[in-house]
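One structure is given here, and the rest of the page talks about it.
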Amino acid sequence: MKIGVIGSGYVGLVAAACFAEIGHDVICVDNDAEKLAALNAGAVPIHEKFLPELLQKHRGKRLNFSGSVHDAVRASAAIFIAVGTPQSETGEADLSYVEAVSRELAHALAEAKDDYKIIVEKSTVPVYTNAWIHRVMEQNGAPQGSFDVASNPEFLREGSAVTDFLYPDRIVAGADQERCAAIMRAIYEPLTSGEYQKRADAIPRPDAARVPAEIIVTSAKSAELIKHASNAFLAMKISFINAVANICESVGADVQQVREGIGADSRIGKRFLNPGIGYGGSCFPKDLKAFHAVAREFGSDFRLLDEVIRINEEQRQRFLRKIRATLWTLKGKRLAVLGLAFKGGTDDVRESPAIALVECLIKEGCSVVAYDPAAMDKSREVLNSSIIYAESSYAAAKDADAVLILTDWEEFGALDLERLKTALKFPIMIDGRNLYSPKRMAEAGFTYVSVGRPDVAPHKSAVKAPRA
Ligand code: NAD
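The working numbering puts the first residue of the sequence shown at 84, with every later residue one more than the last.
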């Protein structure tokens with residue numbers, strides 16, 4: 084099928100590349116001329132596993148980039164809207180980018196005067212956006228009956244976006260008209276029939292992947308709510324385990340053991356029960372606020388969400404207090420920070436708790452030397468020149484008073500502890516992601532502070548005099 088994707092960010096670009104991968108002809112549109120030039124020149128603007136391979140394979144063949152919404156509409160049977168829906172000052176989703184695209188789509192449809200097309204919301208939007216898009220498009224000249232609007236929320240996670248797209252837990256297609264639903268089914272057919280996954284050149288299947296993929300067809304409103312409710316539930320799991328971690332700290336229990344015990348219950352599961360410094364990223368914080376705002380607008384005060392947000396904000400403050408409690412005063416301390424991205428596997432620093440913590444540390448007079456495998460360029464844009472960037476974890480740790488782990492990159496959980504200890508001025512690790520076992524860290528000679536577990540001091544046999 085011929086598909087247009089408007090917006091070539093984390094979601095649009097991955098979706099466009101994956102649609103090409105499963106056999107569709109795709110035009111991906113963006114209004115950022117610099118991004119477009121980079122994409123056309125062969126660059127890969129985001130760090131995402133398997134994306135370079137897909138772009139290399141399909142660019143200029145089944146996947147083309149354009150600055151023109153009209154081109155995409157003219158050529159396509161289905162046009163996906165994947166532009167940003169950031170948080171407005173009042174907490175609601177700012178839908179101005181979606182509205183602007185809807186107007187352009189209407190003008191293009193008015194000109195196209197040909198077949199029926201579907202417009203698909205891929206961006207995360209509040210309930211009733213579908214109806215608004217429809218209304219705005221008709222007001223702007225899209226001929227009645229020439230289009231329908233479907234909702235197809237995206238559940239990919241940055242860091243595993245390509246495999247999440249190609250091996251999804253489920254595909255949700257919200258469509259109020261059968262012919263619109265039929266097109267949605269046809270688009271995803273290579274995944275729902277299992278045909279793609281059988282291909283010899285398919286992107287490797289993750290261990291736990293469901294094959295073939297399941298498609299859940301719902302009303303447009305239900306699909307919109309599914310996305311907001313899913314993100315709110317996942318954020319609630321994170322805040323829940325963080326609240327439990329705080330109780331563990333008060334009573335001297337170990338949250339990792341508690342998590343094992345809770346998560347072994349198949350009704351609960353272990354995923355998203357990872358205590359730490361709280362959730363961040365471009366989705367959870369804004370989507371929770373948007374969901375809360377939309378619930379309020381329709382007469383429901385969803386106060387549970389207030390508490391989820393409050394616990395999350397408090398979690399960062401608690402971590403700062405831990406740093407102070409371990410190092411006493413912060414002014415003049417040199418701290419090695421491992422991780423700037425909001426989570427491992429991505430270069431995205433939007434709403435990253437790591438960035439927020441670094442900003443607080445700088446305000447308190449620390450000097451910060453940071454290392455992140457992928458997010459240093461993006462963090463340079465938000466942190467200006469206020470921190471020093473290192474080439475590796477060990478270079479960041481050199482002569483530091485302590486090392487902080489702020490992002491759950493796999494490589495931070497597999498450090499050469501002896502080498503790290505030698506680099507540090509004092510063998511102190513404050514781990515916001517619980518990547519190590521306290522016992523192991525004590526044996527390796529570290530003072531180790533983590534989340535929801537008792538702090539440990541270096542095992543006597545591993546103690547050596549601190550360097551001057
Ligand atoms: P992004 O900011 O990375 O990308 C948005 C892109 O849209 C940008 O490249 C921008 O230049 C482009 N754009 C804006 N207005 C345009 C216009 N009028 N015409 C053409 N292009 C335009 O955003 P993202 O992270 O990809 O998120 C997009 C949507 O998907 C959001 O609603 C988000 O909540 C949702 N979502 C994101 C994720 C994620 O992990 N990032 C996951 C699921 C859903």
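Here a beta-carbon is modelled for each residue, glycine too, at the ideal position from N, C-alpha and C.
The Cβ neighbour count for R218, taken over all protein chains shown within 10 Å, is under 16; the residue is labelled exposed. Unbroken beta strand (DSSP E) runs of no fewer than 3 residues, entirely contained in the region 476 to 548, are found at 485 to 488, 511 to 514, 530 to 532, following chain order. For A256, there is no enclosing alpha helix (DSSP H); the residue is part of the beta strand (DSSP E) that begins and ends at 254 to 257.
Cα atoms of V166 and P128: separation of roughly 16 Å, rounded to the nearest angstrom.
In the three-state scheme derived from DSSP, where H, G and I count as helix and E and B as strand, G87 is classed as strand.
From the listed residues L371, I394, I309, the smallest Cα separation to T173 is found for L371. Looking at the DSSP output, S149 shares a beta bridge with V112. With a cut-off of 7 Å, the C-beta of E464 is classified as distant from ligand 1, since no heavy atom of the ligand falls inside that distance.
Looking only at D514, T505, R433, the smallest Cα-Cα distance to G528 is reached by T505. At least one heavy atom of ligand 1 lies less than 7 Å from the C-beta of C366.
With respect to the 8 Å criterion, F148 and N123 are classified as neighbours on the basis of their beta carbons. By the criterion of a C-beta distance shorter than 6 Å, S159 is surrounded in its chain by K85, I86, G87, once the five residues flanking it on both sides are discounted. In the structure shown, the three-state DSSP call for T212 is helix. The C-beta distance from V432 to L444 rounds to 16 Å, too long to meet the 8 Å contact threshold.
Cβ contact annotation for D231 (same chain, cutoff 6 Å, sequence separation greater than five): I201, Q260, C263, in chain order. Counting only runs of at least 4 residues, the region 277 to 323 fully encloses the following alpha helix (DSSP H) elements, listed from N- to C-terminal order: 278 to 281. If you look at V420, you'll find it in the beta strand (DSSP E) that goes 417 to 421. With a cutoff of 8 Å on beta-carbon distance, P236 and I299 are scored as not near each other.
Between I89 and K281, the alpha-carbon positions lie close to 29 Å from each other. The Cβ atoms of L489 and V420 sit closer than 8 Å to each other.
Here the alpha carbon of K414 sits roughly 15 Å from the alpha carbon of K405.
At the C-beta level, A233 and A303 come within 8 Å of one another.
Close CB contacts of I345 within its chain, under the 6 Å cut and outside five residues either way in sequence, are with I351 (chain order).
Within the model, the alpha-carbon separation for A312 versus E187 is close to 30 Å. Within the region 335 to 408, the complete alpha helix (DSSP H) runs of at least 4 residues fall at 338 to 346, 367 to 380. Closest by C-alpha distance to V327, out of V338, E204, F425, is V338. Of the candidates S179, H190, D348, S179 places its Cα closest to the Cα of S206. In its chain, beyond the 5 residues on either side, no residue has a beta carbon closer than 6 Å to the beta carbon of G228. For M319, same chain residues with a beta-carbon under 6 Å away, outside a window of 5 residues either side, are V391 in chain order. For S450, the uninterrupted beta strand (DSSP E) run begins and ends at 450 to 454, by DSSP. For T207, the shortest C-beta to heavy atom distance toward ligand 1 is below 7 Å. Of the residues assessed, L387 falls on the exposed side of the cut-off, its CB having fewer than 16 other CB atoms within 10 angstroms. The C-beta of S365 has 16 or more other C-beta atoms within 10 Å across all chains shown, which makes the residue buried. At a threshold of 7 Å, L146 does not count as near ligand 1, since its beta carbon sits no closer than that to any of the ligand's heavy atoms. Taken through DSSP and simplified to helix, strand or coil, R218 comes out as helix. Close CB contacts of A545 within its chain, under the 7 Å cut and outside five residues either way in sequence, are with E526, A527, G528 (chain order).
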